[in-house]
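In my numbering, the protein residues as written are 1346 to 2001.
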């Protein structure tokens, strides 16, 4: 074995029951193999992959025409890649998850076959194979789940499992608090210290039962089980049979003559690798889009702009924002803090500033949302109550001149009792207004959501909480600060997930909150790298151009029809797309006569962050980052090719 791996290829591979001493990956290049991993049987056909990890008990038989690639990787490299997230057992890799692992294995084989072995590149390939193994889905076993665990704790329990140890011994040995250990054990499938220790002891017992002829009772005692009947019950609960039956059945099915033959990594293997690569070359996946006439109208989300006193924002800035985002024919709500506490001493100043604000809002065709802040969460202080009543009195008089405006109030970090009190005060002056409650980060466990929801018109939440709350989408206003505040052109998967969530629900939401800014782009930045804020600008511009009836909808696409115009917005943002798919071909067969079509799309490229914190687009793996570039092209027919990870806006005009 090299310092970090070995790679070999075998004809008719056969391995008798043995214990894994490292990470071992099996890739079936030809024929069929039958593997047993910790008593679980798996059939490997051509182009399928399985792996075992340290202390797994496994065996393998294969057909005479089989060719199998075996890669050995030291366990410490796996632990370095996975951190604290590990599997308790190896398995066969799900067919939908094998694409990237297969890609790296074939690359590694190819380099060895042509004997162009660059140490840096091969180290990268091994690293990426380990990343795939640490994140892939595996076939279900009740004792094979992901665990969050400290390597130091695991190593201590392995080394001392045959002794009588308790949790306090472990606390003293690894210098971790009792509370931290308790939480750590709860993150495993075993829940408690004793259950996890028994899991380790049972694994060692299984190894000896299958690989030695020693009495089972002696094995149990040696590995820490001093009550034989208890050991038998635990073993049967875990592995489904008693130790004697497993030893008998497993040995009778694993007796075979070992005729394995190692093959040189030469042109013969290279030809086999090339043939596999040719069958899985990058391809275009076709999708037939069948439209369905409906009377469901598309309504873009309402827009809420929140004032930021540190940013200059005038009518020109507002108009530029509307143009950049294609906001038309909708009332925009302007959120501004109501500075009411000093109204008793500065009434004239308060009235003057209020007139100035309302003129700006009215001239910009917006509606005011006044943000109310208080010292306490349960009740107004006496000074706040008096001042707020004065402010409502002034608002009542001043709004006579602006009676076309739709008034609203925003509150946060208050109790349902406070909401009730506030509504009673406002109801003395106004009959129609919008009351919004904003949930702040970390507040979801502190507030009774059901009581709040029944007392307000809208609830404002961050976009990352959109799937956590059980509230009608039409009642939710979503904040996108996490998308706006990022000025980096390097995106991560979390950001893309937020975009997908926003685009999926945009027209069903009660509103979207944006900051006031002069930075909204009007000029198209073609082929330049977009940061998160610019990407949001283009996404909203695309969504706001949709009009008419919705004729097609999925979790990755929405299509509208208005007269003889069709518009489609797609958002293919799933990083788990098959490795050999590089484009989607969207076929709109229902559009018969096309007079014009074009598409604007944002191509989102995957990159890996290497050791020097720079981007490497040759190695695509799960710890990826992303760069987004805007592109434009004309379309000559109703079949359109879209990059596999992209956001696109397609416009068709059919002949009249």
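Backbone N, C-alpha and C fix where the C-beta goes; we use that ideal spot for every residue, glycine too.
Bridge-paired residues (DSSP) for residue i
i: residue 1926; result: 1628
i: residue 1905; result: 1895 and 1912
i: residue 1856; result: 1822
i: residue 1585; result: DSSP lists no partner for residue 1585.
i: residue 1403; result: 1363 and 1382
i: residue 1942; result: 1997
i: residue 1351; result: 1417
i: residue 1782; result: 1756 and 1804
i: residue 1388; result: 1379
Sequence-distant residues of the same chain with beta carbon closer than 8 Å to residue i, five excluded per side
i: residue 1713; result: 1678, 1679, 1681, 1702, 1703, 1706, 1750, 1752 and 1753
i: residue 1696; result: 1739 and 1743
i: residue 1803; result: 1779, 1780, 1781, 1782, 1820, 1821, 1822, 1855 and 1856
Residue i burial status per 10 Å Cβ neighbour count (16 or more: buried)
i: residue 1783; result: buried
i: residue 1805; result: buried
i: residue 1645; result: buried
i: residue 2006; result: It is not possible to answer for residue 2006, since the shown part of the chain is limited to 1346 through 2001.
i: residue 1830; result: exposed
i: residue 1546; result: buried
i: residue 1638; result: exposed
i: residue 1445; result: buried
i: residue 1725; result: buried
i: residue 1409; result: exposed
i: residue 1911; result: buried
i: residue 1656; result: exposed
i: residue 1770; result: exposed
i: residue 1401; result: buried
i: residue 1459; result: exposed
i: residue 1485; result: With a pLDDT of 45 at residue 1485, under the threshold of 50, the modelled position of that residue is not reliable, and the figure given next carries that caveat. That one is exposed.
i: residue 1728; result: exposed
i: residue 1861; result: buried
i: residue 1958; result: With a pLDDT of 45 at residue 1958, under the threshold of 50, the modelled position of this residue cannot be trusted, and the question is left open.
i: residue 1528; result: exposed
i: residue 1569; result: buried
Own chain residues within Cβ distance below 6 Å of residue i, not counting five before or after
i: residue 1994; result: 1887, 1914 and 1945
i: residue 1363; result: none
i: residue 1351; result: 1417
i: residue 1859; result: 1650
Beta-carbon gap between residue i and residue j smaller than 8 Å
i: residue 1475; j: residue 1453; result: no
i: residue 1552; j: residue 1588; result: no
i: residue 1360; j: residue 1404; result: yes
i: residue 1839; j: residue 1900; result: no
i: residue 1905; j: residue 1876; result: no
i: residue 1617; j: residue 1394; result: no
i: residue 1948; j: residue 1984; result: no
i: residue 1614; j: residue 1355; result: no
i: residue 1880; j: residue 1591; result: no
i: residue 1457; j: residue 1610; result: yes
i: residue 1672; j: residue 1889; result: yes
For residue i, the first and last residue of its enclosing alpha helix (DSSP H)
i: residue 1447; result: 1443 to 1458
i: residue 1883; result: 1877 to 1890
i: residue 1610; result: Segment: none, residue 1610 is in no alpha helix (DSSP H) and carries neither H nor E.
i: residue 1768; result: 1761 to 1772
i: residue 1724; result: That residue, residue 1724, is in no alpha helix (DSSP H); it is neither H nor E in DSSP.
i: residue 1651; result: No alpha helix (DSSP H) contains residue 1651, which is instead part of the beta strand (DSSP E) from 1648 to 1651.
i: residue 1775; result: Unbroken run through residue 1775: none, as it is neither H nor E.
i: residue 1844; result: 1838 to 1850
Residue i - containing beta strand (DSSP E), residue span
i: residue 1757; result: 1753 to 1757
i: residue 1996; result: 1991 to 1999
i: residue 1370; result: 1368 to 1375
i: residue 1409; result: Unbroken run through residue 1409: none, as it is neither H nor E.
i: residue 1750; result: No beta strand (DSSP E) contains residue 1750, which DSSP labels as neither H nor E.
i: residue 1716; result: 1711 to 1716
i: residue 1986; result: 1984 to 1988
i: residue 1394; result: 1394 to 1397
i: residue 1682; result: 1677 to 1682
Cβ-based neighbour list, residue i, same chain, cut-off 7 Å, excluding 5 preceding and 5 following
i: residue 1518; result: 1501
i: residue 1631; result: 1930 and 1932
i: residue 1597; result: Residue placement at residue 1597 is poorly supported in this model, since its pLDDT is 45, which falls under 50; the coordinates are not used for a value here.
i: residue 1989; result: 1917, 1922, 1926, 1927, 1928 and 1929
i: residue 1419; result: 1349 and 1367
i: residue 1956; result: The predicted position of residue 1956 is uncertain, since its pLDDT is 44 and thus under 50; no value can be drawn from it.
i: residue 1666; result: 1865
i: residue 1353; result: 1415 and 1607
i: residue 1559; result: 1553
Heavy atom of the ligand ADP within 7 Å of residue i beta-carbon
i: residue 1717; result: Ligands in the displayed structure: none, and consequently the ligand ADP is not present.
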